[in-house]
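A.B. asks:
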Amino acid sequence: MTTTFTGRPAAASGEIRLGEAVSVTRLGYGAMQLTGPGVWGPPADHDESVRVLRRAVELGVNLIDTADAYGPHVSEELIREALHPYDGVLIATKAGQLRTGPGQWHPCGRPEYLRQQCELSLRRLGLERIELFQLHRVDPTVPAADQFGALADLRAEGKINLVGLSQVSVAQVEEAEAIVEIATVQNRYNLVDRTSDDVLRHCTERGIGFIPWHPVGAGELAKPGGLVHDIAEGLDATAAQVALAWLLQRSSIMLPIPGTSSVAHLEENLLAAELKLDLSTVAALDDAA
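As numbered in the UniProt record's numbering, residues 1 to 289 make up the sequence shown, in order.
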C-alpha cells in the first residue's frame, strides 16, 4: 500500500460538487509546502516542486489549493509554470493575509485589498476567472459584512466563480451566506483536532464542501504503540494514509488537500483514496481523540 499504485489513485476518493456546476475529485493537493521555510521565499528544489504539481494531476488530482500569501506569490507562480493552461484542473486561491516575514501572518480584509489581491492572483495564475476564491481569514478589524460583500462584488463582476471561507465559525458562515453563496469552508481538522465538528455538521447540512487543512495530523496516535500507527502497520499503510482515509470516510463533503514538496510523499498520500477502513476501525478512530 505504501509504494505501489497504478492509474489515477486520487479518483478513487470519488467526486464532490461545489456550487451548482463544478465537480472535483475529493482528494486534492495543497500547495503551501512548495515554498521556503516559514512559507516564505522560493523552494529549496524548484524542479521538484514543478514535478510534484504535474505528478499530482497525472495521478488524478483536479483541485490545487494555494494562496497569494504562500511565498508570498511563490506558490501561485509555480502553479502557473507547471500547469497552465490547467486543462480541467481547478485552481483555488485565497486572499486576506499580509506577510511580513517567515512564519508571520496578519489578517487584512479591507475590501480594496481583497480586490487588489484578486486582480494580482488572476495575473499571476494566468486566468480570466478564479474558480474558487477564498477569504483566508476574517479580519476582526473590518466589518465582516464588508469582507463578504467584497467577495460578492468580485463574483458579480465575473472575476471569481465560487466563494470560500477559511478558519471560520458557524456564525460567520451563516453571516456570509446571507450575502454571497458559500461553496467551501477550509478549517483546521484532523484526527486529533475536531474543534470544527460543528462547522463540519453545518457544511454537511448545507452541501458546502469542507476542506480540512493540516489533514494528516495524528499526534501521539501516529507514534509507535499509538492507535494510528498500529492500524497503519496492520494495513501495510502509512499513518498519513490512515488519517486521510478516515477523513474521506467521515463525511461525503470532506475534501482533504494534503501538501508535500516531495513526489514520493505525494504518491504515498494519494494512495489513501484507495484505502478503505472497516467500520470497527473507523469507530476506533472516531473515539480516539
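All residues carry an ideal CB built from backbone N, CA and C; glycine is no exception.
Remember, it's a predicted structure, so these values are computed and weren't measured experimentally.
(1) Relative to the alpha-carbon of alanine 245, which residue among Ala21, Arg26, His84, Arg8 has its alpha-carbon at the smallest distance?
(2) Hey, would you say leucine 255 sits closer than 9 Å to valine 24, going by beta carbons?
(3) Among residues of its own chain, excluding the 5 on either side of leucine 277, which ones have a beta-carbon nearer than 7 Å to its beta-carbon?
(4) How about isoleucine 130 and valine 89: do their beta carbons lie closer than 9 Å?
(5) Using the C-alpha atoms, what's the distance from serine 280 back to histidine 46?
(6) When DSSP builds the beta bridges, which residues end up paired with proline 107?
(7) Out of curiosity, what's the CA-to-CA distance linking proline 42 and valine 74?
(8) Helix, strand or coil for tyrosine 113, going by three-state DSSP, please let me know.
(9) Looking only at its own chain, which residues have a Cβ that is under 7 Å from the Cβ of threonine 2, when we skip the five neighbours before and after it?
(10) Contact between the segment 114-128 and the segment 89-106: three or more CB pairs below 8 Å?
(11) Would DSSP call asparagine 62 helix, strand or coil?
(12) Specify whether the segment 201-219 and the segment 177-187 touch according to this definition: at least 3 beta carbon pairs, one from each stretch, less than 8 Å apart.
(13) Helix, strand or coil for arginine 155? Go by DSSP, reduced to three states.
(14) Among residues of its own chain, excluding the 5 on either side of glycine 7, which ones have a beta-carbon nearer than 7 Å to its beta-carbon?
C.D. replies: Considering the structure as presented:
(1) Residue Arg26 is the option with its Cα nearest to alanine 245.
(2) Cβ atoms of leucine 255 and valine 24: closer than 9 Å.
(3) Taken in chain order, the residues that qualify are Ala245, Trp246, Gln249.
(4) In terms of Cβ geometry, isoleucine 130 and valine 89 do not form a close pair [threshold 9 Å].
(5) A straight-line Cα-Cα distance of about 43 Å links histidine 46 and serine 280.
(6) Answer is Gln97.
(7) So the alpha carbons of these two residues sit roughly 6 Å apart.
(8) Residue state, collapsed to three classes: helix.
(9) Confidence is the limiting factor: at threonine 2 the pLDDT is only 47, short of 50, which leaves the residue's position unreliable and the question unanswerable from this model.
(10) Output reads yes: the segment 89-106 touches the segment 114-128.
(11) Note: asparagine 62 maps to coil in three-state DSSP.
(12) Contact holds between the segment 201-219 and the segment 177-187, because three or more Cβ pairs, one in each stretch, are under 8 Å apart.
(13) Helix at arginine 155.
(14) Taken in chain order, the list of residues that qualify is empty.
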